[in-house]
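A.B. asks: Protein chains in written order, with my numbering: chain A, 340 to 1046; chain B, 944 to 1241.
For each residue, glycine too, the CB sits at the ideal point set by N, CA and C.
Only a predicted model underlies this, so the values are computations on that prediction, with no experimental measurement involved.
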Amino acid sequence: MFNNFKSRLVLIFLLIGVACYFLKPTYNKYFVGSENIVILNSSIQSIPPGEGILFKNNQSVNKECISNIKIFSNSSLDSIEALLLSNSKQLSYQWGQLNLNNKNEITTITCLDDVDVCIGIDNSIVYYNTKKQIDDIEIIHNGCISNISEGVLENYSFNADINENIIEEGAIKLGLDLQGGMYIQLELDVAQLILNKLNRSENDMRQLIYNSDQNNIDFFESFRQECITNNIRLTQKFPQYKALDDNEVIQRLKDDRDQALNSAIKVLRNRIDEFGVSEPIIQRFGENRIVVELAGVQDKDRARELIKRTASLELSLVLSTERVNNAIVKIDKYLLSNNIDGNLFANYFEPALFELFGELGVSIGKEDEFERLLKKIETSTDIKLDGRFVLSNESQDGLSFPNPDNESNSISIGAYTPVYYVSNTPAIVGGMVKDPMAKIAGPGSDNSGQWVINLSMNREGARKWSSFTGRNIGKRVAIVLDDKVFMAPQINSKISGGQTQISGLENANEAQDIANVLSAGELDAPVKIVEERSVSPSLGKDSIESGRNALMYAFISILIFILFYYRVSGLIANISLFLNIIFILSLLSILGATLTLPGIAGLILTIGIAIDSNVIIFERIKEEIGFGKNAVSAVRSGYKRAFITIMDANITTLIAAFVLANIGSGPIKGFAITLSIGIMCSMFTAIFITRTFYMIILQNKKNKLSI
Amino acid sequence: MNIIDKSNIDFISKSKFTLFISLGIIIMGIGTLIFRGPNLSIDFVGGTIIQVSSSEQAEINIVRDLLNSTVLRNSEITEITGLSSNQQFRIKTNIKIEDTTEISNIIMSTLKDYNPEIRAIESVGPKVGKELQFQAIYAIGLALLMLMIYIGFRFDQFYAMGSVVAVIHDILITLGIFSLLNLEIDLSIVAAFLTIVGYSLNDTIVIFDRFRENSQKDLKISLTDLANLSLNQTLSRTIITSLTTLMVVTILFFVGGEAIKYFAFALIIGVIVGTYSSMFIASPFLLYFKSKIKTEEE
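Take a look at the structure:
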């Protein structure tokens, strides 16, 4: 049906039309530039002169984010100033002044004399101050304002109309390496999960599970084998499953693993939503992993710490010095009798600290070694302890004081991290607390002015807490979060009503993040990060620019070379090459593919390879002309002969690209996908489209061919 | 316009000489690979790479000294070039993946006088590294197998063997050159290997196709002459395509940015070696396999 050029032209134009239709969003997004607008419009009343907070955004608003602020008012405004202040240290600007409180936080802003309206942005809070009545405020931004959480024109009934229609749906997405972001692969600690299912006294199983985890093969496979070699009946170890045989127990454990992974995904989603990242990707990966992709995240350290927390909270009794002594003696006896290399356990602790204050502390730098030893002790079957040693989350500065025995010299203790010996049976666990809330402690309390987290408890928790505190007045309770002691206050009186507070938090971010993870819920087992790749937005921008430059130079140099070498036929090939790129990009849009830097490299490579099909055809036509054929039949047999060659040659590259697409992660997959699409498109453009042009040319002048 | 008008080069007779050169490069490269051990990136052995830029001028030696006084004392610090006018450093360390936050804090505070910015972090745990190693080898093996099957199906087993010899030759040479220059092999280099496999075969098949076409014509010439004829007939195409592809990958190397520089470099080697092998390795081996069968039949 495509024997005449007219029907071919119809098809080509149709395809170009479809391609352009699908490319429009991409074109708008990256070339026109998208405009996202937040309109704070007053349908009811205007804002009278005064100052306040426009809104709090749940992610940081930076300098590049807001391109324009328009203010509408019935009264004439002489001057409007909006300035972005990311640095709260800088106090004064030409247009206005930031007023800070004693903690260096912005409270309000003041406009200078000739300025009518001023707007200041600090971190995620947008402040305003006006001298005249205003009606609407329009903020044009690049997508950074995603969710206005609170404080929209405080005290005035304004509507925040977040207009996101302009964000183009269906545009080609940029990969994390181009727009900046984090890729994190987490692994669920399956060994810990299974340990949690066991009766606490099963010490021999601990060692076995620990061993299974050390092998590099699949955990469950290794576990099964370990059980067989050690002649362990799983049905007895896990009676709760009421399983018929060991295989069924393993299947049940696998089901539990799946459930733990699914609930971890939910918990992570809650945490990340609270953190404020637009369109996060959180999905299961392989047997026991989760992949988290966060685009455009600014504070990577904070995001990482937020994600990897288990959020296991325990309130446990700190055991007496006497019991600490017993435990240390027991451990050292074990270490000596088993010839375990290295320090004795007792030697890890600062002696003066223990003798004088009865406190445990490991000197700075020794913590890792200490924790490794603890792990060894925990998995050993020979020591039975009544508690466990837990490090503090924060280290203490060294101290120096006069020696009570000998006043002429003083005792000094270097910086150390406190260690607590806490009970194995916690009084309160995470599931019993609710409504965690981060706030600055009010005046009058011990932690006045510091960040704390207030917790309340459910009925069961409140009852237990009340009887526990009643029983243990004068003793200390450790608040253990993710195996770190945050604080260990003394119990002064019986606490009924189930209130408690966590202090010892470093800053506002930590307080908010911990409150966030506590309310999002605990993970069934810890997760650890096994792979991380993150790119800052600025590097992403550089990569886009290099990619674009490379693409442009490659394209132009090929165009020139081919035009110079093949003349009119070269022009035909060039047009088809150009269409090829359009088709590739529109296919990427249709498939919802993500463009990565290697993807751009794939596109560039495609340009080189795509032209090959035309080279094969043109060289063949030249040969045919050399045999004395006329233009029409030379073209006909040239295409016919070249077709099989092109198919065979391209299919090999396609096979390689397909294999690559199935093994690679993120960026590499992007390369493989653009390369495959590129090759497929090039077969169409280089054969079908160029042939059509020849048909048109050869209609008019029958025997001349510029090639 | 023609690059070459009518060539009449005896490629096959030169193949002994070229085979000698190829073997030389391969032996040198693989020798250093065995002697020194492969220079595998963190993708395959685990570790952390942090890319830092500083807006204040910083001497690399001072940066090294500063970081030497921290836990990063055993890291490998190099300066890299990029688009932005800021200075950029690449810090490669084998510190555990759990400590990424701590390391970035240490870098930020140690280099605070130079106004640092952490531009990229890549951190791979040892377990994932092993998995990626396996995946990379598996992918190359799978691709070779599938390609052999395809060529065996479309042509016959002799063509398949000839082209696979050429492709393995290309991988070994590229690997050897990377090893000689002591360049790191990461995931993107494996991707480059697979691309080279595809490209080299593409080249080889165009020639094989012509060989097959000519051998069906009953020209009454020897297999060697037939191969030479096919090679000469496709020579101008081979040269032009190699030139255009080489042109784009060279541009990619110079303009494409730090992240894909070595990927592009592998492709440059691959395009050159792939073109060379399709003429001087694949066809002679095709003849070798074909003639061996013939003599056995006789």
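#1: For K1035 of chain B, would you say it is in contact with chain A, using Cβ-to-Cβ distances shorter than 8 Å as the test?
#2: Is the Cβ of S1047 of chain B closer than 8 Å to any Cβ of chain A?
#3: Roughly how many angstroms lie between the CA atoms of Q429 of chain A and Y466 of chain A, to the nearest whole one?
#4: What does V974 of chain A touch in chain B if you count any residue whose Cβ is under 9 Å from its own?
#5: Taking buried to mean at least 16 other C-beta atoms within 10 Å of its own C-beta, is Y905 of chain A buried or exposed?
#6: Does any C-beta atom of chain A lie closer than 8 Å to the C-beta of L1246 of chain B?
#7: Under 8 Å, do S921 of chain A and A358 of chain A count as touching if we go by C-beta distance?
#8: Secondary structure at L1178 of chain B, three-state DSSP: helix, strand or coil?
#9: Does L1026 of chain B come within less than 8 Å of chain A when only Cβ atoms are used?
#10: Is I911 of chain A buried or exposed, if buried means 16 or more other CB atoms sit within 10 Å of its CB?
#11: Less than 8 Å between the C-beta atoms of I1224 of chain B and A1109 of chain B, yes or no?
#12: Return the CA-CA distance between I834 of chain A and N732 of chain A, expressed in angstroms with no decimal places.
#13: Could you tell me how far apart the beta carbons of I1049 of chain B and V954 of chain A are, in whole angstroms, since I believe they sit closer than 8 Å?
#14: On a Cα-Cα basis, can you pick out the residue from A:M986, A:N609, A:A1011, A:P1006 that is closest to V998 of chain A?
#15: When you compare only the Cα positions, how much space is there between S427 of chain A and I464 of chain A?
#16: Per DSSP, which residues does E653 of chain A bridge with? Please list them.
#17: Does the pairing of the stretch 1033-1050 of chain B with the stretch 864-873 of chain A give three or more beta-carbon distances under 8 Å?
#18: Thinking just about the alpha-carbon of each residue, which of A:T839, A:S749, A:R711 is nearest to the one in A766 of chain A?
#19: If I follow the unbroken beta strand (DSSP E) through M796 of chain A, where does it start and stop?
#20: Are the beta-carbon atoms of I956 of chain A and A973 of chain A separated by less than 8 Å?
#21: Closest by CA to A854 of chain A, which one among A:K470, A:N569, A:T649, A:Q518?
#22: On the three-state DSSP scale, how would you describe V529 of chain A?
#23: Output, in chain order, the set of chain B residues within a Cβ distance shorter than 8 Å of L862 of chain A.
#24: What residues of chain A sit near S1066 of chain B, judged by a beta carbon separation below 8 Å?
#25: Tell me the rounded alpha-carbon separation between I994 of chain A and L1087 of chain B.
#26: In the DSSP output, which residue or residues are listed as bridge partners for I939 of chain A?
#27: Evaluate S431 of chain A with the Cβ neighbour count: other Cβ atoms within 10 Å of its Cβ, from every protein chain shown; 16 or more gives buried, anything less gives exposed.
#28: Just the Cα atoms here: how many angstroms apart are V1071 of chain B and S998 of chain B?
#29: Considering only residues of the same chain and omitting the five flanking positions on each side of L878 of chain A, which have a CB-CB separation below 6 Å?
#30: On the premise that E708 of chain A lies in contact with T756 of chain A, defined as a C-beta separation below 8 Å, what is that separation, rounded to the nearest angstrom?
#31: Looking at the secondary structure, which residues open and close the beta strand (DSSP E) in which S749 of chain A lies?
#32: For chain A, find out if any of its Cβ atoms is closer than 8 Å to the Cβ of D1099 of chain B; answer yes or no.
#33: State whether the stretch 1024-1033 of chain B contacts the stretch 984-999 of chain B, with contact taken as three or more CB pairs (one from each stretch) at a distance under 8 Å.
#34: Determine, using beta carbons only, whether I1046 of chain B and T991 of chain B come nearer to each other than 8 Å.
#35: Taking C-alpha atoms, which residue in A:N664, A:I670, A:L547, A:M544 lies nearest to P690 of chain A?
#36: Helix, strand or coil for I611 of chain A, going by three-state DSSP, please let me know.
C.D. replies: Well, looking at it:
#1: Position 92 of the second sequence, counted from the start, is the residue given in the question as residue 1035 of chain B. Taking Cβ atoms only, chain A never reaches closer than 8 Å to K1035 of chain B, which makes this a no.
#2: In the second sequence, the residue the question calls residue 1047 of chain B occupies position 104. Yes, contact with chain A.
#3: Position 90 of the first sequence, counted from the start, is the residue given in the question as residue 429 of chain A. Position 127 of the first sequence, counted from the start, is the residue given in the question as residue 466 of chain A. Here Q429 of chain A scores only 40 on pLDDT, less than 50, and its place in the model should not be relied on; the value that follows carries that caveat. Their backbone Cα atoms lie some 16 Å apart in a straight line.
#4: The residue labelled residue 974 of chain A in the question sits at position 635 within the first sequence. The contacting residues do not exist; V974 of chain A stays about 17 Å from chain B at best.
#5: On the first sequence, position 566 is the one that residue 905 of chain A refers to. Classification for Y905 of chain A: buried.
#6: No answer is possible for residue 1246 of chain B: the residues shown for chain B start at 944 and end at 1241.
#7: Residue 921 of chain A sits at position 582 when you count from the first residue of the first sequence. Residue 358 of chain A sits at position 19 when you count from the first residue of the first sequence. Note that residue 921 of chain A is Ile in the sequence shown here, rather than Ser. With respect to A358 of chain A, I921 of chain A sits close: the two C-beta atoms are nearer than 8 Å.
#8: For the purposes of this step, residue 1178 of chain B is taken as the residue at position 235 of the second sequence. Three-state result, L1178 of chain B: helix.
#9: Position 83 of the second sequence, counting from 1, holds the residue named residue 1026 of chain B. Yes, its Cβ sits closer than 8 Å to a Cβ of chain A.
#10: On the first sequence, residue 911 of chain A is found 572 positions in, with the first residue counted as 1. With 16 or more other Cβ atoms within 10 Å, it is buried.
#11: Here residue 1224 of chain B is taken as the residue at index 281 of the second sequence, counted from 1. Here residue 1109 of chain B is taken as the residue at index 166 of the second sequence, counted from 1. Going by C-beta atoms, I1224 of chain B is nearer than 8 Å to A1109 of chain B.
#12: The residue you call residue 834 of chain A lines up with position 495 of the first sequence. The residue you call residue 732 of chain A lines up with position 393 of the first sequence. So the two alpha carbons sit approximately 25 Å from each other.
#13: Start at 1 with the first residue of the second sequence, and residue 1049 of chain B comes out as number 106. Start at 1 with the first residue of the first sequence, and residue 954 of chain A comes out as number 615. The pair is not a contact, with the Cβ atoms about 54 Å apart (cut-off 8 Å).
#14: Here residue 998 of chain A corresponds to residue number 659 of the first sequence, with the count starting at 1. Nearest C-alpha to V998 of chain A: A:A1011.
#15: Against the first sequence, residue 427 of chain A aligns to sequence position 88. Against the first sequence, residue 464 of chain A aligns to sequence position 125. For S427 of chain A, the predicted model reports a pLDDT of 40, less than 50, meaning its position is unreliable; a value from the coordinates is still stated below. Distance between the alpha carbons of S427 of chain A and I464 of chain A: 12 Å.
#16: Numbered from its first residue, the first sequence carries residue 653 of chain A at position 314. In DSSP, E653 of chain A forms a bridge with A:V768, A:V819.
#17: By the criterion of at least three beta-carbon pairs nearer than 8 Å, the stretch 1033-1050 of chain B is in contact with the stretch 864-873 of chain A.
#18: Your numbering for residue 766 of chain A matches position 427 in the first sequence. Of the listed residues, the one whose Cα sits closest to A766 of chain A is A:T839.
#19: For the purposes of this step, residue 796 of chain A is identified with residue 457 of the first sequence, where counting begins at 1. Element bounds for M796 of chain A: 790-796.
#20: Numbered from 1 along the first sequence, position 617 holds the residue referred to as residue 956 of chain A. Numbered from 1 along the first sequence, position 634 holds the residue referred to as residue 973 of chain A. For I956 of chain A and A973 of chain A, no; Cβs fall outside 8 Å.
#21: One-based indexing of the first sequence puts residue 854 of chain A at position 515. Among A:K470, A:N569, A:T649, A:Q518, the Cα nearest to that of A854 of chain A is on A:T649.
#22: In the first sequence, counting from the first residue as 1, residue 529 of chain A sits at position 190. If DSSP states are grouped into helix, strand and coil, V529 of chain A belongs with the helices.
#23: Reading the first sequence from its first residue, position 523 is the one you call residue 862 of chain A. For L862 of chain A, there are no neighbours in chain B by C-beta distance under 8 Å, as the nearest C-beta there is about 16 Å away.
#24: On the second sequence, position 123 is the one that residue 1066 of chain B refers to. Those are I868, E870, E871, R872, listed as they occur along chain A.
#25: As a working mapping, residue 994 of chain A is identified with position 655 in the first sequence. As a working mapping, residue 1087 of chain B is identified with position 144 in the second sequence. Looking at the two C-alpha atoms, the distance is approximately 9 Å.
#26: Taking the first sequence and counting its residues from 1, the one referred to as residue 939 of chain A is at position 600. According to DSSP, which records beta bridges pairwise, I939 of chain A is partnered with nothing at all.
#27: Here residue 431 of chain A is taken as the residue at index 92 of the first sequence, counted from 1. For S431 of chain A, the pLDDT reaches just 41, beneath the cut-off of 50, and the residue's location in the model is therefore unreliable, although a value from the coordinates is still provided. The residue is exposed, with fewer than 16 neighbouring Cβ atoms inside 10 Å.
#28: The residue you call residue 1071 of chain B lines up with position 128 of the second sequence. The residue you call residue 998 of chain B lines up with position 55 of the second sequence. Each residue's alpha carbon lies about 34 Å from the other.
#29: Reading the first sequence from its first residue, position 539 is the one you call residue 878 of chain A. No residues qualify anywhere along the chain.
#30: Locating residue 756 of chain A in the first sequence gives position 417, where the first residue counts as 1. Locating residue 708 of chain A in the first sequence gives position 369, where the first residue counts as 1. Actually they are not in contact, since the Cβ atoms of T756 of chain A and E708 of chain A sit about 12 Å apart, beyond 8 Å.
#31: Position 410 of the first sequence, counted from the start, is the residue given in the question as residue 749 of chain A. First-last of the beta strand (DSSP E) with S749 of chain A: 749-752.
#32: One-based indexing of the second sequence puts residue 1099 of chain B at position 156. For D1099 of chain B, the answer is no, since every Cβ of chain A falls outside 8 Å of its Cβ.
#33: Judged by Cβ distances under 8 Å, the stretch 1024-1033 of chain B makes contact with the stretch 984-999 of chain B, as three or more pairs qualify.
#34: Numbered from 1 along the second sequence, position 103 holds the residue referred to as residue 1046 of chain B. Numbered from 1 along the second sequence, position 48 holds the residue referred to as residue 991 of chain B. Against a cut-off of 8 Å, the Cβ pair of T991 of chain B and I1046 of chain B comes out as a contact.
#35: Taking the first sequence and counting its residues from 1, the one referred to as residue 690 of chain A is at position 351. Cα-wise, what sits closest to P690 of chain A is A:N664.
#36: Looking up residue 611 of chain A in the first sequence gives position 272. The answer is helix: DSSP assigns I611 of chain A an H, G or I state.
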